Ligand SMILES: Cc1cc2nc3c(=O)[nH]c(=O)nc-3n(C[C@H](O)[C@H](O)[C@H](O)COP(=O)(O)OP(=O)(O)OC[C@H]3O[C@@H](n4cnc5c(N)ncnc54)[C@H](O)[C@@H]3O)c2cc1C
Ligand SMILES: Cc1cc2nc3c(=O)[nH]c(=O)nc-3n(C[C@H](O)[C@H](O)[C@H](O)COP(=O)(O)OP(=O)(O)OC[C@H]3O[C@@H](n4cnc5c(N)ncnc54)[C@H](O)[C@@H]3O)c2cc1C
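Shown next as structure tokens:
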């Protein structure tokens, strides 16, 4: 048996033994995933057992080095782990912005001490991170951000406002882009800094979405003092001062990578497959076809697109593992995934008809199709809008001229 | 298995790329068209391809083939799609070779595979009887007669039917006209007296034939696969054809798109390169994304044909649907983004537009496959 086959066999056995039955529903959504953090309470005993088993093995962050809480898996091993997890439909034991966004950026730009503290905290599910990038005046044009960060000798002093900060109200730390130089060209005066949300002077105000729920906030910084270092070698700034844009860009690629590998039509709340759901809701005609030919055609089309997209994620991963990095092509995945995600929930709402448009006495229920449908509109806005992704593909992948 | 080419397959791709760019560029295709070459392809080129092992690309080595499987065939078809190379490759080396290798008797294999590999025998598959692909709708009749059958009926759009030495004909031995069971495949000599072939030039400047058979006597030895159970074999042959057509269309999409992005970087209007206009950039970026999706779909279907042929049918349908839609979009946009020059005969993008249209119609367009997939998934 080759090493990889051996690894597969061991992984399969480990999963069989350690992944509780209840965690094999394959359905990780914002509502049922394990986020971790100081305020975290497990939703079930099974969720807790699954998390703890994974933690012990380093499988909350399988590819990170062992000294930072991971299992140090190679790309090939990680692929096998994912395949084996998917095979039994297991949820991820832990998922959050720390794992998908900050972690990879720290691995690339952090000092050993920064990694020890922050990666460890993420891996163990102790610290939940939020992302402080966008501002009222800096959305797609992120580099025009204005939150001011002044050097006060032994500490930084921060004043300004962030907006659309997902889960700021329930996060422990924030990774932030701030302006340290107002005179330099806009990309050259930005710094990437890590801040404890418990710091004096930080306040958050939830914003209500079209669904009536509030997963994001405005975040205010009023004379917030941030130490230069949290310990020996453990600086609050990641990378160099005024060079935060490099870190931010690296992180955005990971964010897109993550957003680009969602399984758009499935997973996120709702019946397993669109066609099956439609057949149940609408019924079939005498030839055995869905009794709504126009909708049927749209569903079949979406399923074909979803399938080709899923394969493209697989192919691009395989290419990356073979040494052909994804680079700006991650924008293609982000673009395709978010458009398909919206399409999937549009179709579910169409299939559900007036049933799907009926809400509860207290508004739109959290686990309803309608909530997902409304929330999913955000996928083509957050993490760089669809139009911004298309700009990136034009410029970086196709190298089309600029105006 | 990884969804990428192996080193060997990549070498084949490079070799095909180099060879076709040099020996069969679009200009060569244009010349065949303009000279009204009655074959619709160059026999010399075909013999060179055969000498390189392309004619027997999917044929096992024991029968003289190169044993590259369907991924190998797709790699070649993609390169041919890039250059619009016309050849009997598809009908003979994909459809004919699949039919004989997978469903033929030992004797049929001995008699035919060698001739496929060395490029001497040309095959054609006769399925459809009307202008739209309906593989289960077979009226062409095979009436039992003594130890054999008598074949009568007609077939439309038999690609390469005008040059084929051998025809694979789907005929009805029992059941109703639209019944998948009761179909039987026959492998017959194309120049039999009872077969009348009418050459039908197509809009993509490839050739096909309408075929009329009037009382052709055949024996049990001429049957390919099971009596009455031919639909399964037909499905297998069509699946292989769909995946490889998908690869060809993927190649055409890529090339038409590359010609277009080059033009966007070169043509100026309003004092700037037209590629700087966001109205064109976003459409190009969308198309680039669709082309990536198509590549994955096509490769997956080819790999599955090699790995688990019997289970590949739905995947091949998806690949055909996806590649067809992308190829149409790619060639439509290619014309549009070129402005006036895009609709001229002199410019290549129109040739891609026409070829892709026929390839899309062949063996089911995107709508056909969407319907099939939906039915298969129970809706
Ligand atoms: C649910 C949700 C969660 C979020 N979570 C976070 C978070 O945790 N942390 C964080 O920092 N941010 C977060 N964001 C913010 C998100 O990153 C921004 O909304 C996004 O960058 C777009 O900025 P904007 O909303 O200001 O829109 P704008 O940039 O004002 O865009 C408005 C419209 O103009 C278009 N547009 C802008 N520039 C161009 C261009 N050059 N070419 C073509 N079209 C263009 C856009 O595509 C869009 O359609 C979140 C957003 C949402 C919706
Ligand atoms: C069949 C036919 C008959 C014709 N007959 C005549 C005739 O009788 N007399 C005559 O004078 N002309 C005639 N024309 C020419 C016709 O008017 C031009 O083809 C047309 O104006 C487009 O110009 P172009 O071909 O140079 O394309 P270009 O202007 O080079 O356009 C190339 C591409 O760039 C796009 N593009 C250009 N500028 C922008 C922009 N600012 N923003 C976004 N996209 C842009 C275009 O939409 C197009 O997709 C004819 C053309 C055709 C095809």
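Protein chains in written order, with this note's numbering: chain A, 52 to 454; chain B, 1304 to 1682. Note that the Cβ used here is the ideal one computed from N, Cα and C, for glycine as well. Since the model is a prediction, treat every value here as computed from it, not as a measurement.
Within chain A, the residues that residue i reaches when beta carbons sit closer than 8 Å
| i | result |
| --- | --- |
| residue 1592 of chain B | 383, 386, 387 and 444 |
| residue 1621 of chain B | 355, 358 and 359 |
Listed by chain order, chain A residues near residue i by CB distance under 9 Å
| i | result |
| --- | --- |
| residue 1602 of chain B | 362 and 366 |
| residue 1606 of chain B | By Cβ distance, chain A contributes nothing, its closest Cβ being about 10 Å from residue 1606 of chain B, past 9 Å. |
| residue 1529 of chain B | Ordered by position in chain A, no residue passes the 9 Å Cβ test against residue 1529 of chain B, which lies about 26 Å from the chain. |
| residue 1381 of chain B | Near residue 1381 of chain B there are no residues of chain A at all, since even the closest Cβ is about 15 Å away, more than 9 Å. |
| residue 1599 of chain B | 359, 360, 361, 362, 363, 364, 365, 366 and 367 |
| residue 1564 of chain B | 449, 450 and 451 |
For residue i: DSSP bridge partner residues
| i | result |
| --- | --- |
| residue 64 of chain A | Answer is none; residue 64 of chain A lacks a bridge partner. |
| residue 227 of chain A | A/183 and A/244 |
| residue 1503 of chain B | B/1511 |
| residue 1469 of chain B | B/1426 and B/1492 |
| residue 1474 of chain B | B/1487 |
| residue 213 of chain A | A/270 |
| residue 207 of chain A | A/202 and A/277 |
| residue 1526 of chain B | B/1489 |
| residue 1576 of chain B | B/1571 |
| residue 257 of chain A | A/268 |
| residue 1748 of chain B | Since the first residue shown for chain B is 1304 and the last is 1682, residue 1748 of chain B is missing from the structure and cannot be characterised. |
| residue 1543 of chain B | Paired residue(s): none; residue 1543 of chain B is not in a bridge. |
| residue 1446 of chain B | B/1453 |
| residue 38 of chain A | Coverage of chain A is limited to positions 52 through 454, which leaves residue 38 of chain A absent and any answer about it impossible. |
Contact set between residue i and chain B, taken where Cβ atoms lie within less than 9 Å
| i | result |
| --- | --- |
| residue 191 of chain A | Chain B residues near residue 191 of chain A: none, gap ~13 Å exceeds 9 Å. |
| residue 326 of chain A | 1676, 1677, 1680, 1681 and 1682 |
| residue 72 of chain A | Under the 9 Å cutoff, chain B gives no residues; its nearest Cβ is about 27 Å from residue 72 of chain A. |
| residue 339 of chain A | 1678, 1681 and 1682 |
| residue 347 of chain A | 1673, 1674, 1677 and 1682 |
| residue 177 of chain A | Residues of chain B passing the Cβ test: none, with the nearest at roughly 36 Å. |
Partners in chain A for residue i, counting only beta-carbon separations shorter than 7 Å
| i | result |
| --- | --- |
| residue 1575 of chain B | 454 |
| residue 1567 of chain B | 451 |
| residue 1442 of chain B | Residues of chain A passing the Cβ test: none, with the nearest at roughly 20 Å. |
| residue 1624 of chain B | 355 |
| residue 1614 of chain B | Residues of chain A passing the Cβ test: none, with the nearest at roughly 15 Å. |
Contacts that residue i makes with chain B (C-beta to C-beta distance below 7 Å)
| i | result |
| --- | --- |
| residue 370 of chain A | 1307 |
| residue 448 of chain A | 1591 |
| residue 330 of chain A | 1681 and 1682 |
Whole-angstrom C-beta distance between residue j and residue i, which should lie under 8 Å
| i | j | result |
| --- | --- | --- |
| residue 164 of chain A | residue 295 of chain A | The pair is not a contact, with the Cβ atoms about 19 Å apart (cut-off 8 Å). |
| residue 1433 of chain B | residue 1419 of chain B | With 8 Å as the limit, residue 1433 of chain B and residue 1419 of chain B do not qualify as a contact, their Cβ atoms being about 29 Å apart. |
| residue 417 of chain A | residue 82 of chain A | 6 Å |
| residue 1391 of chain B | residue 1463 of chain B | 5 Å |
| residue 1514 of chain B | residue 1498 of chain B | 6 Å |
| residue 1396 of chain B | residue 1361 of chain B | 7 Å |
| residue 343 of chain A | residue 355 of chain A | Contact doesn't hold; Cβ gap of about 18 Å is too wide. |
| residue 156 of chain A | residue 293 of chain A | At roughly 17 Å, the Cβ-Cβ gap does not stay under 8 Å, so residue 156 of chain A and residue 293 of chain A are not in contact. |
| residue 1305 of chain B | residue 369 of chain A | 4 Å |
| residue 1547 of chain B | residue 1377 of chain B | 6 Å |
| residue 330 of chain A | residue 1682 of chain B | 4 Å |
| residue 1422 of chain B | residue 1358 of chain B | 5 Å |
Chain B residues whose Cβ lies nearer than 8 Å to that of residue i
| i | result |
| --- | --- |
| residue 441 of chain A | 1584, 1585, 1588 and 1589 |
| residue 128 of chain A | Going along chain B, no residue has its Cβ under 8 Å from residue 128 of chain A, so there is no contact; the nearest lies around 14 Å. |
Does the stretch 1551 to 1562 of chain B touch the stretch 1596 to 1606 of chain B, meaning 3 or more C-beta pairs lie closer than 8 Å?
yes
With contact counted as at least three CB pairs below 8 Å, one residue from each stretch, are the stretch 1670 to 1679 of chain B and the stretch 1615 to 1627 of chain B in contact?
yes
Would you call the stretch 291 to 310 of chain A and the stretch 263 to 274 of chain A in contact, with 3 or more CB pairs under 8 Å?
no
Counting beta carbon pairs with one atom in the stretch 1400 to 1408 of chain B and one in the stretch 1445 to 1455 of chain B, are three or more of them shorter than 8 Å?
no
Taking 8 Å as the cut-off, does the stretch 376 to 392 of chain A touch the stretch 421 to 433 of chain A (at least 3 CB pairs, one atom from each stretch)?
yes
Which ranges does the beta strand (DSSP E) cover as unbroken runs of at least 3 residues, wholly within the stretch 96 to 180 of chain A, from first to last along the chain?
none
Extract the residue ranges of the alpha helix (DSSP H) inside the stretch 1596 to 1651 of chain B, only unbroken runs of 4 or more that lie entirely within it.
1616 to 1641
So does the stretch 219 to 231 of chain A actually touch the stretch 184 to 197 of chain A, counting three or more Cβ pairs closer than 8 Å?
yes
Specify whether the stretch 94 to 107 of chain A and the stretch 140 to 147 of chain A touch according to this definition: at least 3 beta carbon pairs, one from each stretch, less than 8 Å apart.
yes
Going along the chain, which unbroken runs of the alpha helix (DSSP H) with 4 or more residues stay wholly within the stretch 395 to 443 of chain A?
420 to 427 and 437 to 443
Stretch pair the stretch 1627 to 1635 of chain B + the stretch 1656 to 1663 of chain B: three plus CB contacts closer than 8 Å
yes
Within 8 Å, do at least three Cβ pairs link the stretch 1343 to 1358 of chain B to the stretch 1322 to 1331 of chain B?
yes
Do three or more CB pairs link the stretch 437 to 449 of chain A to the stretch 373 to 386 of chain A at distances below 8 Å?
yes
Mind the definition here: the stretch 174 to 189 of chain A touches the stretch 210 to 229 of chain A only if three or more C-beta pairs lie below 8 Å; say whether that holds.
yes
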